[in-house]
Each structure stands twice: as structure tokens, then as C-alpha cells.
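Residue numbers (the numbering used here), protein chains in the order written: chain G, 8 to 120; chain V, 252 to 365. A virtual CB, placed ideally from N, CA and C, is assigned to each residue, including glycine. It should be emphasised that the depicted structure is a prediction, and the values quoted were computed from it without experimental measurement. Structure record follows, encoded as C-alpha cells.
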């Protein structure tokens, strides 16, 4: 049972445009969501997070939106840069699960110059 | 502040052997979690330690075990290695045990079982 899903395995975007990465979840108990960026053979790098009490969080070029009724979150990158090309994972957690993050399968973003 | 460090970075073992991987968390972080990444299963949670106690465990066989020391460093051990244990093993640390804590990952240990 995959509780966190990223239905798009890949996404290609032109440099300077907006990248939108999507994530759906099934467990309504999740109350904390994170986005990580990963290069091959490296560990994931934390990008941005959002608590379930919010519907939006911004950090520089990165904005995460949370729609609890739809059990959907999205990561917007504006403007996209070639260095953003990587695999992006969304992850979810809820308080009594402690450190147990549930990850989606990842979306590979390619930003073309 | 130094990040999460993992040793060794690469390891080759044969079936039936055992392996120990090490993780040093970010200074001041007391929680360490371990994850396995494979092409087929993605990133999967193994276990979490806080104050030398295992707080949570994923759905892995008993061949996978871990521990945490008083300085928050952690080790994980895999006994009787199988071919399917070939994976990238990632360690992550966070300041405390609460659910809403950001986990910061190390570079991983790439294990190949022949």
C-alpha cells in the first residue's frame, strides 16, 4: 500500500519557466510533509517542508502548497534553473511515527537551457 | 556545522557475510534514522534511534539491526547478506524525536552483495 505517490516519473521544463511537481497521499493522519532533492549516489538534500496547519510555505524560489481536502501537495520552483535538474522526493510523517518518513517514488526533473 | 557522515561510502560483500555501517549525526542531533534505497522499492524506512533507544522500526527482517551510542553515533548491521540487500543505505539525523522534525541525510553507503 503506497501511502505517498508521485505519479509523474519525469518532468522536463525550459530554463526560467515554472516547474510544478506533484504528490498525493492517502493517510489523513500525515501532518508534516517535506520535499527533498537527490542526485544519483548521494543522499537526499532537504528543500522545504510544510505542516498540516498551513496551506503554503515559501523559501526563495521554492514554494510548497498543501491541499488537505484533496490530500495533495505540490512543489513550485520559479524560475527553474539547469542546476535544479535532479530527482525530487516528497515525504510525509505524522507525530507518533517519530522519524519514520514515508517517501514517494520520486520525479526526475530536467531543466533545459 | 558539519553534516551527517557515513562510513564506509562503498562496500562489496558476498552472500552470507555480515556488514556494519556507521553514521555520525550532525552535532547536537540526537535522533538517527536509517533508510534503504533500491530501484524497485524506493526509499524505505529501516529504524530510528533516539537516546540510545529504538523508537520505531520498519518492515525489514531481523537480519537488519542497529544501535545508537551515548554520543548519538549509530551503527546498523546486516547479517547473512542476501543479493537483494544490495542498496544505498542512508542515515538521517534530526535534533529530537518529535514527528515534525526535519531529517538531514548523509551521503549514504553503497553496498553491493555478490
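*Which value, in whole angstroms, describes the spacing of the CA atoms of residue 102 of chain G and residue 39 of chain G?*
Within the first chain, numbered from 1, the residue matching residue 102 of chain G stands at position 95. Within the first chain, numbered from 1, the residue matching residue 39 of chain G stands at position 32. Cα to Cα, residue 102 of chain G sits roughly 8 Å from residue 39 of chain G.
*Residue range of the beta strand (DSSP E) that residue 38 of chain G falls in?*
Position 31 of the first chain, counted from the first residue, corresponds to residue 38 of chain G. Residue 38 of chain G -> no beta strand (DSSP E), and no H or E assigned at all.
*Can you pull the chain C residues whose beta carbon is under 9 Å from the beta carbon of residue 345 of chain V, in chain order?*
Any reference to chain C falls outside this structure, whose protein chains are G and V.
_Please classify residue 325 of chain V as buried or exposed, where buried requires at least 16 other C-beta atoms within 10 Å of its C-beta._
On the second chain, position 74 is the one that residue 325 of chain V refers to. Buried: at least 16 other Cβ atoms inside 10 Å.
*asked:* At the level of alpha carbons, what is the spacing between residue 307 of chain V and residue 106 of chain G?
replied: Numbered from its first residue, the second chain carries residue 307 of chain V at position 56. Numbered from its first residue, the first chain carries residue 106 of chain G at position 99. The straight-line gap from Cα to Cα measures roughly 7 Å.
*Straight-line Cα distance separating residue 56 of chain G from residue 37 of chain G*: The residue given as residue 37 of chain G occupies position 30 in the first chain. The residue given as residue 56 of chain G occupies position 49 in the first chain. Between residue 37 of chain G and residue 56 of chain G, the C-alpha separation is close to 13 Å.
*Closest to residue 303 of chain V by CA distance: which of V:355, V:273, V:318 and V:267 is it?*
As a position in the second chain, residue 303 of chain V is number 52, starting the count at 1. If we check each option's Cα against that of residue 303 of chain V, V:318 comes out closest.
*Beta-bridge partners of residue 298 of chain V, as assigned by DSSP*: The residue you call residue 298 of chain V lines up with position 47 of the second chain. Paired residues: V:285 and V:308.
*Contact set for residue 263 of chain V: own chain, Cβ-Cβ below 6 Å, skip 5 residues either direction*: On the second chain, residue 263 of chain V is found 12 positions in, with the first residue counted as 1. Within the same chain, residue 263 of chain V has close Cβ partners 363.
*asked:* Short of 7 Å in beta carbon distance, which residues of its chain neighbour residue 329 of chain V, apart from the five on each side in sequence? Order them along the chain.
replied: Your numbering for residue 329 of chain V matches position 78 in the second chain. 269, 270, 314, 315 and 336.
*Selection of the stretch 281 to 306 of chain V by Cβ proximity to chain G, strictly under 7 Å*: 282, 284, 293, 294, 296, 299 and 306
_Does residue 321 of chain V pass the burial test, meaning 16 or more other C-beta atoms within 10 Å, or should it be called exposed?_
The count along the second chain starts at 1 and reaches residue 321 of chain V at position 70. So residue 321 of chain V counts as exposed.
*Check whether the Cβ of residue 115 of chain G lies closer than 9 Å to any Cβ atom in chain V.*
Residue numbering aside, residue 115 of chain G sits at position 108 when the first chain is read from its first letter. Chain V has no Cβ within less than 9 Å of the Cβ of residue 115 of chain G.
*To the nearest angstrom, report how far apart residue 283 of chain V and residue 354 of chain V are at their CA atoms.*
Taking the second chain and counting its residues from 1, one reaches residue 283 of chain V at position 32. Taking the second chain and counting its residues from 1, one reaches residue 354 of chain V at position 103. Their Cα atoms are separated by approximately 9 Å.
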